[in-house]
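Participant:
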Ligand code: SF4
C-alpha cells in the first residue's frame, strides 16, 4: 500500500483550521477503524503522480513479508489522525473507530481545499471492514468524489458490494515467493473477474523481488491475460511490476537485470506490462 504520512510536515500558515465533526463513536459496531486521512501524491501504478485524498483503514487479513504499514495491520482501537489542510500534516487526532460521517467530512475538507484526482481507500486492507467501507464509499460517491480501492485482491464478497461505488480498483496479485502471504491465485482470479465484470477501471500490481519464482510470475500474468480475454468490451487491465522496496523482513531489491528479465518474461505472455517502482518513496514521501 502506498504513501505514509510521517514526512512532508510543514508548519501551519496561520489559517483557521476547518472544523471536523467530533461526535464520539457510538461503539465498535457503529464506527469505522481509520488510522489516517490525508492528502498526498499517489506513488504507485496507474495513477502515479496524481494527488489523492487517502483514507487509511485499519486491519488486514494477510501478512506480506515486505509490508510497510505495520501500524495499519490490526483492526483495533487507536488514534485516528485527520489532516485538516492538504499536505500540511496538521493532524487532528480522534479516537478510532470514528463515525463514517466524520471520515466523509474529513475527506471533503481536503477535497474542497485543493483539486484532487480521487479518494483512495487504502490500508491495511480497506475491504476488510466491508459494511462500513461500503457506507464510506457510497457517501463519497454521493458527493461526486471518485473512489479508488487499493486492495490485496482477496475479499471477493466485499468487492461485489463495494463495486457500485468505485471508479478505480488497484489490485495486488500476490506471489508466494515474494509476499509469503499464502494467497491462492484462484481467489485473486475471482476478485479480478468480479472487478472487470462490474465495469470498474482496474489494474493489477505485482511486487517482484530478488527471489521471485518465475513460474509464479508466469501464472499470475496468465491469469490476468485470461481474465482480460473474458471481457472483450473492456480495456484490458495493465499489469504493473513493482520492484520491492526493502522493508522489514525484505532486505534487498531485485537487480536492474532481474527487473528487465521479469518484464521481458511477462511481456511475452501479455502485452500490457509496465514497471513502476514506489515513486513516493523516491521523493521522500515514504
Ligand atoms: S496486503 Fe498490504 S497492508 Fe496487508 S500485509 Fe500486505 S502490504 Fe501490508
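Numbering (the numbering used here), first residue to last: 74 to 359.
Ideal Cβ positions, reconstructed from N, Cα and C, are used throughout, including at glycine.
#1: In the DSSP output, what is residue 335 paired with across the bridge?
#2: Could you check what DSSP says for residue 96 in three-state terms: helix, strand or coil?
#3: Curious, which full-length beta strand (DSSP E) runs of at least 3 residues does the stretch 130–190 contain?
#4: Which same chain residues end up closer than 7 Å to residue 181 when comparing Cβ atoms and leaving out the 5 residues on each side of it in sequence?
#5: Is it a yes or a no for the stretch 289–307 touching the stretch 318–328, going by three-plus beta-carbon pairs under 8 Å?
#6: Report yes or no: do the stretch 256–270 and the stretch 205–215 share at least 3 C-beta pairs separated by less than 8 Å?
#7: According to the Cβ coordinates, are residue 174 and residue 278 closer than 7 Å?
#8: Per DSSP, what kind of secondary structure is residue 228 in: helix, strand or coil?
#9: Do residue 197 and ligand 1 come close, with the Cβ less than 6 Å from some heavy atom?
#10: For residue 278, does the three-state DSSP call read helix, strand or coil?
#11: The beta strand (DSSP E) that contains residue 245, what's its start and end?
#12: Tell me the residue span of the alpha helix (DSSP H) that contains residue 261.
#13: For residue 320, which residues from the same chain have a beta carbon less than 7 Å from its beta carbon, with the 5 sequence-adjacent residues on both sides left out?
#14: Roughly how many angstroms separate the alpha carbons of residue 107 and residue 224, rounded to a whole number?
#15: Buried or exposed for residue 188, please, with buried defined as at least 16 other CB atoms from any protein chain shown within 10 angstroms of its CB.
#16: Ordered along the chain, which non-local residues of its own chain (more than five positions away) have a Cβ less than 7 Å from that of residue 336?
#17: Using C-beta distances below 8 Å, list every residue in its chain close to residue 221, excluding the 5 sequence neighbours before and after it, in chain order.
#18: Can you grab the Cα-Cα spacing for the pair residue 130 / residue 355, in whole Å?
#19: Among 171, 166, 134 and 179, which has the Cα closest to the Cα of residue 112?
#20: State yes or no: is the C-beta of residue 358 within less than 7 Å of the C-beta of residue 318?
#21: Under the three-state reduction of DSSP, which class applies to residue 194: helix, strand or coil?
#22: With H, G and I counted as helix, E and B as strand and the rest as coil, what does DSSP make of residue 316?
#23: Would you report the Cα separation of residue 268 and residue 150, rounded to the nearest angstrom?
#24: Within 10 angstroms of the Cβ of residue 285, are there 16 or more other Cβ atoms? Answer buried if so, exposed if not.
#25: Confirm the yes/no value for this check: CB of residue 137, any heavy atom of ligand 1, distance under 6 Å.
Facilitator: Taking the definition as stated:
#1: None, per the DSSP bridge assignment.
#2: Because the pLDDT of residue 96 is 41, which lies under 50, any placement of that residue in the model is unreliable, and the question is left without a value.
#3: 151–156 and 164–169
#4: 216
#5: no
#6: no
#7: no
#8: coil
#9: yes
#10: strand
#11: 241–245
#12: 258–270
#13: 139 and 141
#14: 15 Å
#15: exposed
#16: 314, 346 and 348
#17: 120, 125, 191, 192, 193, 194, 239, 240, 241, 242 and 243
#18: 24 Å
#19: 179
#20: no
#21: strand
#22: strand
#23: 31 Å
#24: buried
#25: yes
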